[in-house]
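Residue numbers (this note's numbering): 3 to 173.
Have a look at the structure below before the remarks.
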């Protein structure tokens, strides 16, 4: 797998994702509470200097845009759909190569038990305007400077990791 070669330090994470993919229960539906796939977008501006983050309504954290696959086995398509729905931006373009993998625990919420998200992340680029619209899934959206995000101790660890990957890729 190309991802494993690019990020050898993440081999254990890759193995978790491959095991989920091979599982007999459908890992692309949110009802699979033992863990399921989600798809996210590292949505960068035209200049590649800023990333659009959401202040997630349920989790209360600043995170990348994304959500459930809801049965869609094409996670590239799911990530692009989530980026469009959550940002209101048009003319987005997605890079189909995996950018990041992250397995994280989601706490119980409104009767849904706690469970694992296996988040598959892709780079999405803004092609037109950058005036976003805040959806009902967010408290707010904001363009954040990627170079400062990488060292922001208050930011989610996976955001810092993606910022580092982005900066290394564009160095």
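Using N, Cα and C, we set each Cβ at its ideal position, and we do this for glycine too.
Query                                                                                                                                                 : Result
Could I get the ranges of all uninterrupted alpha helix (DSSP H) runs contained in the region 60-137, with 4 residues as the minimum, in chain order? : 77-89
My assumption, with CB atoms under 8 Å, is that residue 15 sits in contact with residue 103. Please give the rounded CB distance.                     : 5 Å
Bridge partners of residue 41, per DSSP?                                                                                                              : 69, 122
Would you kindly work out how many angstroms separate the C-alpha atoms of residue 122 and residue 4, rounded to a whole number?                      : 14 Å
Since residue 54 is in the beta strand (DSSP E), which residue starts that stretch and which ends it?                                                 : 52-58
Measure the C-alpha to C-alpha separation of residue 149 and residue 46 and round it to an integer number of angstroms.                               : 12 Å
Decide if residue 52 is buried, meaning its Cβ has at least 16 other Cβ atoms within 10 Å, or exposed.                                                : buried
Are there 16 or more other CB atoms within 10 angstroms of the CB of residue 179, so buried, or fewer, so exposed?                                    : What is shown of the chain runs 3 to 173, which leaves residue 179 out entirely.
Grouping DSSP H, G and I as helix and E and B as strand, with all else coil, what is residue 14?                                                      : helix
Comparing alpha-carbon positions, which option in 31, 11, 24, 62 lies nearest residue 158?                                                            : 62
Relative to the C-alpha of residue 92, which residue among 116, 83, 58, 69 is closest?                                                                : 83
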